[in-house]
Each structure stands twice: as structure tokens, then as C-alpha cells.
Amino acid sequence: MRIGAAKVERTFEPKAGQVAALRGVTLSIGSGEFVAITGRSGSGKTTLLNIIGGLDRPTAGSISLGDVDLGSLSPKALAQFRRRNLGYVFQDLNLIPSLTSVENVALPLELDGVSRRRANSRARHSLEAVLGQRGLDRYPEIGRASCRERV
């Protein structure tokens, strides 16, 4: 899927005053291209990735993924687009601690209307391809204790 950014700006307004995280970023990434976004701390890398991934909106400019202008989507339509079209790997674990590995993977499918039984089956099949049988019904671990033990 082609990614396009045109004159993207993102400004934050903390109490201390306006901060420009992005100023007029324009880029085009073709389908199948690999790109590294590098820069010093505070240079706007995460802000740009959050905007490209539809997790944040630019203050100005536009972002398109394929033929879809992300700025034209309602919050609900944007969430649905992300769920169906984007894979996002966060720096931190974003698992729901009260759900097993299978349930965490199945949840987006259920949100898209797939039955719980089918979603769990597909999630189990996908996780088995990566993990084998181990860990499918485990809860996320934080430190040494699993989240289930802490509840």
C-alpha cells in the first residue's frame, strides 16, 4: 500500500507554549518499500509514525494510505480502517491483561464482526504458527507475576 504525506504539520500546545513537532513533512513510500525513519530524540519520528498510522491527526497537511485520505475519515471509520489495513508494532506491550494470548489476538476480529468461535480459531491457528502450542492460553506477564495472578 502506498503511503503519501503532503506538507504534514503537527503542533502541540503545552502550558509553556506552542511546540512544532513536524513542519511541512512531505514523503512518498511505495508499496513494498522499506524505509527507516531516523533522527535525534524529540525530532518528530514517533509523531510522524503516529500520524501515518492513523493514531493521531496532523494539524495541517494530509496523509493517504493507498487511495484513502485519512483526514476524511470519521474517528469510527479511521479505527475500522486501522483494524483492517494496518499492522502497528508498539514499543510497549499493549495487551489486555485479563485476556489470554489467543483472546488478545482474536479481539480485533471480533470487533470486525467475526464470531467469537471463528475469531478464536483463527487466532489460535495464527499463534500456533509462531509459538507452537506453548503460551496460547497464558495471560500477559508483567515482571515475574502474570496479570491473572495479580487480579
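Each residue of the sequence shown is one higher than the one before, counting from 106 in our numbering. Glycine included, C-beta positions come from ideal geometry on N, C-alpha and C.
Grab me the residues of Leu175's own chain with a C-beta within less than 6 Å of its C-beta, minus the 5 sequence neighbours each way, in chain order.
Gly159 and Ile168
When the distance is taken between beta carbons, is Asp242 closer than 8 Å to Val210?
no
Beta strand (DSSP E) segment containing Ala182, residue limits
Segment Pro180 to Asn190 is the alpha helix (DSSP H) holding Ala182; no beta strand (DSSP E) there.
Should Arg255 be labelled buried (16 or more other beta-carbon atoms within 10 Å of its own) or exposed?
Below a pLDDT of 50, predicted positions are generally treated as unreliable, and Arg255, at 46, falls in that range; no measurement from the model is reported.
Residue(s) in a DSSP beta bridge with Ser167
Ala111
Cβ contact (3+ pairs, closer than 8 Å) linking the stretch 146–157 and the stretch 115–131
yes
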